[in-house]
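When we follow this note's numbering, the leftmost residue of the sequence shown carries the number 4, and every step to the right adds one. We put the beta carbon where it would ideally sit given N, CA and C, even for glycine. Written below as structure tokens is the structure these notes are about.
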Amino acid sequence: MTIQKNISLKNLNTFKIDAYCDYFARVSNNDDFHELTATSEFLRSKKIILGGGSNMLFTKNFDGMVIKNEYAGINIIGEDEDVVFVKAGGGVVWDDLVSFSVRKNLGGIENLALIPGTAGAAPVQNIGAYGQELKDSFFSLEALNLETGNEIFLKKADCKFGYRTSIFKNELKNKTIVTHIILRLKKNPIPDVTYGGLKRELNYTDRSTYTIAEISDAIRKIREQKLPDPAVIGSAGSFFKNPEIKELQYLKLKEIFSDMPGYKTESGLVKIPAGWLIEQTGWKGKEIGNVATYSKQALVIINKGSATGSEVLEFSEKIKRSVIEKYGIALEKEVNIF
Ligand code: EPU
Numbered sequence: 004m005t006i007q008k009n010i011s012l013k014n015l016n017t018f019k020i021d022a023y024c025d026y027f028a029r030v031s032n033n034d035d036f037h038e039l040t041a042t043s044e045f046l047r048s049k050k051i052i053l054g055g056g057s058n059m060l061f062t063k064n065f066d067g068m069v070i071k072n073e074y075a076g077i078n079i080i081g082e083d084e085d086v087v088f089v090k091a092g093g094g095v096v097w098d099d100l101v102s103f104s105v106r107k108n109l110g111g112i113e114n115l116a117l118i119p120g121t122a123g124a125a126p127v128q129n130i131g132a133y134g135q136e137l138k139d140s141f142f143s144l145e146a147l148n149l150e151t152g153n154e155i156f157l158k159k160a161d162c163k164f165g166y167r168t169s170i171f172k173n174e175l176k177n178k179t180i181v182t183h184i185i186l187r188l189k190k191n192p193i194p195d196v197t198y199g200g201l202k203r204e205l206n207y208t209d210r211s212t213y214t215i216a217e218i219s220d221a222i223r224k225i226r227e228q229k230l231p232d233p234a235v236i237g238s239a240g241s242f243f244k245n246p247e248i249k250e251l252q253y254l255k256l257k258e259i260f261s262d263m264p265g266y267k268t269e270s271g272l273v274k275i276p277a278g279w280l281i282e283q284t285g286w287k288g289k290e291i292g293n294v295a296t297y298s299k300q301a302l303v304i305i306n307k308g309s310a311t312g313s314e315v316l317e318f319s320e321k322i323k324r325s326v327i328e329k330y331g332i333a334l335e336k337e338v339n340i341f
């Protein structure tokens, strides 16, 4: 374990923002962690735990320590008649974990194929796409407390998962490193094809006829069509969350904007696609300097090449203002700002 000084984070965040941090260290096991936490650099610095850097925006240099979670390994640790428990290191590339599960024909995360990021970051925002969320297949996790060095074990209920949120965005924000996650995957999965675009991609007739591999291949195709390839275009996926508003507010808006889409949530609120609000306010495909919204999905803000984080943030604030002015709805960022 070594501590590097003054490191560029450009290749460590999917927005490709060229910000620097004072200190940088990689941690791949508990010995590394305890060695690091005893150093004066660690003790006197602010810290960020970095996974794939796929949900962060650096608006300035980070005057603290960036710790890259590199806990590795994917292993089957138990099973019963219906389910298999799979344990993955926090630094495992999320999509490698999806591919592992698909190869073993284990169901539960196949619709989450190609989501950028790592296994350890997945519970932080309860990643979700195309009808599945991490929480549906999540069993437990192991983490280390950055202040005390103590091990923490959290079961699913302890994680307080919600739409793009968890305990790690609230009480435990920036307080832990997730060393391992344990998923509970199904041996005889029933494919989830509730997302309309997925049915179209599959030429859907009867869900019993699709394998896990076919579903995840279809998801890969949909994502490739709709979302920018993180290897080519800098972005952090959806920049905002889809806002959830009271039904009464929705009905009032619907009187004026009759084509406004909305989906009832379990809690009785109505979820509005932020991409629609952004498109309707004229921002789809719009560019200002080095920043733009993606032409095929307005919810994704992209770095055209050499944008700074503060340019991206300013651009996003303009979008937010337009949406408030027209609809009275305050968009909330999904991306973490540093
Ligand atoms: N829409 C538009 N214009 C746009 C984009 C979207 O009108 O430019 C409207 C359409 O009505 C469309 C609806 O928004 O039917 C939903 O769009 P889409 O299916 O692309 O999904 P989304 O709600 O924009 C969410 C997640 C994505 C996830 C997709 C698929 C959030 C914040 N985003 O996007 O997750 O891949 O659903 O399930 O919940 C991410 O979190 O980074 C992410 C990419």
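Look at residue i and residue j and say whether their C-beta atoms are less than 8 Å apart.
i	j	result
serine 319	threonine 17	no
proline 126	serine 169	yes
serine 31	glutamate 84	no
asparagine 86	lysine 190	It is worth fixing the name first, because residue 86 is valine in this sequence and not asparagine. Yes, they are a contact pair.
histidine 37	glycine 93	no
arginine 112	phenylalanine 142	As written in the sequence, residue 112 is isoleucine, which differs from the arginine given in the question. Going by C-beta atoms, isoleucine 112 is not nearer than 8 Å to phenylalanine 142.
lysine 329	threonine 296	no
lysine 138	phenylalanine 103	no
threonine 62	glycine 288	no
asparagine 64	alanine 22	yes
glutamate 314	alanine 301	no
leucine 144	valine 95	no
Between which two residues does the alpha helix (DSSP H) harbouring residue i extend?
i	result
alanine 221	215 to 229
asparagine 33	33 to 40
leucine 100	97 to 106
tyrosine 330	312 to 330
glutamate 113	Per DSSP, glutamate 113 belongs to no alpha helix (DSSP H) and is neither H nor E.
leucine 254	250 to 259
glutamine 202	Inspection of the sequence shows that residue 202 is occupied by lysine rather than by glutamine. Where lysine 202 is concerned, the enclosing alpha helix (DSSP H) stretches over 199 to 205.
glutamine 7	That residue, glutamine 7, is in no alpha helix (DSSP H); its beta strand (DSSP E) goes 6 to 11.
glycine 278	277 to 283
serine 43	43 to 47
Cβ of residue i versus every heavy atom of ligand 1: is any distance shorter than 7 Å?
i	result
leucine 302	yes
leucine 137	no
asparagine 16	no
arginine 167	yes
leucine 147	no
lysine 244	yes
glutamate 269	no
tryptophan 97	no
glutamate 150	no
alanine 234	no
glycine 278	yes
glycine 331	no
glycine 265	no
glutamate 113	no
First and last residue of the beta strand (DSSP E) that includes residue i?
i	result
leucine 137	From DSSP, leucine 137 is part of no beta strand (DSSP E); its letter is neither H nor E.
valine 181	179 to 189
glycine 92	86 to 92
leucine 53	50 to 53
alanine 28	23 to 30
Can you give me the Cβ contacts of residue i inside the same chain, cut-off strictly under 7 Å, excluding the 5 residues immediately before and after it?
i	result
tyrosine 207	Val196
valine 101	Ile112, Glu113, Leu115, Ala116, Ser219
valine 303	Leu230, Pro231, Ser238, Gly240, Ser241, Phe242, Thr296, Tyr297
glutamate 44	Ile6, Tyr26, Met68
isoleucine 332	Pro246, Ile248, Ile275, Leu280, Val326
threonine 42	Ile6
Identify, in the order they occur along the chain, each residue of the same chain with its Cβ nearer than 8 Å to the Cβ of residue i, setting aside the five sequence neighbours on each side.
i	result
threonine 179	Ile52, Ala146, Leu147, Asn148, Leu149, Ile155, Phe171
Apart from the five residues just before and just after residue i, which ones in its own chain have a Cβ nearer than 6 Å to its Cβ?
i	result
glycine 265	Tyr253, Val273, Ile275
alanine 91	Ile77, Leu100, Ala122, Ile184
isoleucine 20	Phe61, Gly312
Quiz item: Taking three-plus beta-carbon pairs below 8 Å as touching, is the stretch 268 to 286 in contact with the stretch 246 to 258?
Solution: yes
Self-check item: Inter-stretch contact at 8 Å, needing at least 3 Cβ pairs: the stretch 239 to 247 / the stretch 207 to 222
Solution: no
Self-check item: Inter-stretch contact (C-beta, 8 Å, three-pair minimum) for the stretch 50 to 68 and the stretch 112 to 125
Solution: yes
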